[in-house]
Amino acid sequence: MNLYPSTILSSFACLQLILLLSSNFQWCQANSSGNETDRIALLQFKSGITSDPFRIFNSWNDSTSFCNWRGITCGRRYKRVTSLNIIGKNLVGAISPYIGNLSFLRTLVLSNNSFIGEIPQEVNNLLQLRYLGLKRNNLGGNIPTNLSHCTKLEGIGFSYNKLVGKIPEDIGSLVELKYVGIYRNNLTGKLPSSLGNLTLLNSLYAGSNNLVGKIPIEIGKLSRLSAFQISVNNISGIIPETLFNISSLSTFAIAENQIRGTIPYNIGLNLPNLKFFGIGKNRFYGSIPDSFGNTSKLELIDIGQNNFVGQVPITLGNLKNLRKLRLSYNHLGSRSANDLIFLTSLKNCTNMEFLSLNVNNFGGVLPTSLTNLSSRLSELALGSNYFTGNIPTGLNKLVSLSGLGMENNHLIGSIPSELGMLPNLQALYLDQNGLSGQVPSSIGNLSQLFGLYLTGNNFEGNFPSSIGNCQSLVELNVAENKYSGAIPKEILSLPSISKLLNLSWNSLTGNLPTEVGNLKQLNTLDISANNLSGEIPTTIGQCLSMEKLYLNTNFFRGSIPSSLASLKGLQELDLSQNNLTVSLIGNKKLCGGVPKLFLPKCPTKTTRKPVAFKLSIIIPCLAVSAFLIFIILACLWRRKSRKKSHSRTTYVGKLLNVSYKDLHQATSGFSESNLIGLGSFSSVYMGFLDQQQRHVAIKVLNLQNLRASKSFLAECKTLGNIRHRNLVKILTYCSSLDYKGNEFMALVYQFMENGSLENWLHPNPDKRSTMKNFDLLQRLNIAIDVSSVLHYLHDECESSIIHRDLKPSNVLLDRDMIAHVSDFGLAKIISTINDFSQSLTSTTRIKGTIGYTAPEYGMGSEASKRGDIYSYGVLVLEMFSGRRPIDEMFKDGLNLRDFIRMAMPERLEHIVDPILLETEATGEAISKKNDNNAVIIMNLSSMKPKVQNCLLAVFEIGVTCSSESPNDRMNAGDVNRKLHLIRNAFMLN
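What the sequence shown shows, in mature numbering (1 follows the signal peptide of the UniProt record, and there is no 0), is residues -30 to -1, 1 to 959, in sequence order.
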């Protein structure tokens, strides 16, 4: 009986042992299977790599356990992959979806490589994943949609890639997240409100994307948030008040958005840990709070390019850790002597490295307290204010200074010689002041100087020869001064000058030294408007990097050196207003042209090689293009035999061969959905030509209008003879019969992606938000483009061409917003040899468009250059005022020109396009509305000084060009030259 219980116990223990062994066997099988799964997943990952310059994967083979492969970490117990970490090894390839089989993976870091393709959706299977780091690659596609499955994620690093789409709304379910880095991608949409659920979140970096909408108020709940960075997006609205109450906040960066509002008065009390505060380039307004002085940890304050007003608080001097203070492009100060009192307190900021106060309303004499600023200061920007008096002495104490800007003020006196004692100075901006005397020879001590800008002062005498010691000089601009004597050979002996050498608008005399050939890397040389004489040296052909060369308005004589043909990259050349002569001797292959030149006829089948250098200013448009001859012959032939062919295609030389069928297919049967323009002579359609795989504009002539054929011939003749970057490019034409046997004529042009200037100035209501980006510089560039065309047509072609219908709808804009003048249907060619072309267009009925037509045309005067200038003046006034010349407000003798002329300069804000005011000045003020829902126009003081100056100068040109009397109008060359100066002044400030 005693054995029975023992037998039972023994049997039970045996059973237990069997079960245990069975369990262990199953675990071993599972573990073995899991290991093999990991190994296969890693090998699949390796197979997706196409470039491994550091040979990371040489160790990834079966000679050793995968746990010993480079970049791999395994768990101690199960020997499963827990970490795949390969950073900065220049790997190229795609991330294999097999990565999702590494089910024990906790860390996946592949940052600083060159992975392409998309983030595989299979990462959603990594349920143990804590950190996913893929920044600085070339990954595209969307953020994986089901990343929320990885509920243990603590960090996401996707910055510096090419991700698109929206931030997933369910990101808020990853409640363990502490770090989100999606900076610098192409993400769109809004910041999800679910971010407010991430109560552990410490850092959010979402800048440099295309995000829109407002900052969700839920973000104010993130009590542990330390870094909030959403700079460089299109986020708007105001900042939630609760966000300014997160005491842990250290980095607050929202620069370059459309955010508005004020800075809370108690910001320095509520954010004691703040180190970086960047809200530049937004729409903030109000004053700078005194409480900033309490944020003792602050290292950076950037509130530039907003609408702040008032005085700068002296409490900023309490910030001993402050390294960068950017207050530029605001309305700070009151143009008074007390504006810079705060500078005295900044002497306590001994770590200051950057101080920018430019483009404000600061006034008074520059104080000597400038010299007490930190010796670590490397950049000091004081330009575009209202400072008076002399440049203070003692600036040599700022031994770390690399950039000093005092441009566009009212400074007088001479340049202190001690500026030459700044050993690290690299850029010196003193242009557009009233400085005088001579540049001190100590300037030659600045061995690191790469940019010296002295334009628009009263410097005189000779430039110091010591400039030859500035062996790092890249750009020298001393235009618009009173320098005399010869061009210093020391300047021309500086091979480092590569960007710009501008000595224009001085009183320099003598020859252009042969040493100019030393400037082999120079891009732009401008010595125009001086008293230089002699011949142009042949050594100028050694400046092989030259793209722009201006020698005009001097007394150069002799022939143009043939060595200019060596300048293969030359884009702009101005030799006008000199005493140069031209010889055709030696050009044995020159043919065609006007009979007066007695040149042989060109062979019809000879392929001409491109000429490296074109004398476009001396004898432009030398040969009458074969294009015209073929067109006229084709048109005559078509009239005689148009019933012999149903769909015949005509073409010229090597132009694209298109038929009516081609154009019919390209426009979906000339569908209304493709109609982009309609006139009395023609309809313009957008089409897609399969032959060239590109979009084109197809101008179909309305042959029921008897003048359409005449317009067709005029346009063909004009565009067949001229070439200019700002003229619309004709690709081919078609003269045929349509499917009904009717006569069909069409011209095919290069397609302009941004439509017409008319559409940008007067957009449809549904497109008005897009047009708000039509800023001052873009309009200025367009005005220059159009004036350049007129200068070319009027003055640089052998036979002057009068456009006669210049208006916004005939100015087309390509994808880069470069203007192209179109529609030469009314053009008239004035030839000194014959007047053949006049018979094409001379009629008293075709004179242009009401509002843009010169008043003398209405009295029977012939077409003239001055008539085009009148149209251009009206166009300029319309561009910058936003008002059509036929607006309903212009009646009872009032016109656009008088409306603008009477308002200048005191009421400038009443004549400027409101959209332009919003983009260039105080956007906050323009967006406010009164009780009647009417927009409040800002006052003159709200506009930036450089914007005021630019607008006044441009309006003055428009008013002068649109004068009643033709003799009072400017010529196109002077208009173009002045606009370039206006743009240069605007961009330098």
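Ideal placement from N, C-alpha and C gives every residue a C-beta, glycine not left out. Bear in mind the structure is a predicted one, so any value in this text is a computation, not a measurement.
Please confirm whether residue i and residue j have their CB atoms less than 8 Å apart.
i    : j    : result
L350 : L325 : yes
K105 : S73  : no
G364 : C319 : no
G373 : S344 : no
G375 : Q408 : no
I881 : S834 : no
G334 : T314 : no
Y356 : E377 : no
L502 : L478 : yes
I137 : P162 : yes
L470 : T494 : yes
L195 : L219 : yes
N394 : L371 : yes
Would you mind reading off the limits of the beta strand (DSSP E) that contains residue i?
i    : result
A397 : 397 to 399
R853 : Neither: R853 is in no beta strand (DSSP E) and is coded neither H nor E.
E349 : 349 to 351
E542 : 542 to 544
D496 : 494 to 496
Apart from the five residues on each side of it in sequence, which residues of its chain come closer than 6 Å, Cβ to Cβ, to residue i?
i    : result
S257 : G280
G647 : V654
G63  : G18, I19, T20
Y299 : G274, Q275, V329
V150 : I126, L174
L727 : P778, V781
P531 : I506, T508
R40  : I26, S29
L922 : P875
Taking all protein chains shown into account, do 16 or more other C-beta atoms lie within 10 angstroms of the C-beta of residue i, making it buried, or fewer, making it exposed?
i    : result
R293 : buried
R836 : buried
L117 : buried
V552 : exposed
K452 : exposed
N427 : buried
N308 : exposed
N476 : buried
Q661 : exposed
V698 : buried
F721 : buried
What is the residue span of the alpha helix (DSSP H) that residue i lies within?
i    : result
V929 : 915 to 931
H790 : No alpha helix (DSSP H) holds H790; the beta strand (DSSP E) holding it covers 789 to 791.
K631 : 630 to 636
K267 : Per DSSP, K267 belongs to no alpha helix (DSSP H) and is neither H nor E.
Q748 : 746 to 761
K459 : 459 to 462
Bridge partners of residue i, per DSSP?
i    : result
E430 : K452
G647 : V654
M715 : S705
T363 : Looking at the DSSP assignment, T363 forms no beta bridge with any residue, so it has no partner.
E445 : G421, L470
V781 : V791
A667 : M656, Y719
H380 : T358
T121 : Answer is none; T121 lacks a bridge partner.
Y48  : DSSP lists no partner for Y48.
L174 : V150, F198
H301 : V279
K518 : T494, E542
Excluding the five sequence neighbours on either side, which residues of its own chain have a C-beta within less than 8 Å of the C-beta of residue i, listed in chain order?
i    : result
P465 : N488, L489, K490, Q491
V756 : N696, L776, V781, A789, V791, Y842, L845
V145 : T121, N167, L168, T169, L170
Only counting the same chain, and skipping five residues up and downstream in sequence, which positions put a Cβ closer than 7 Å to that of residue i?
i    : result
G45  : T52, F74
E88  : L109, G110, G111
L645 : S653, Y655
I187 : P210, T212
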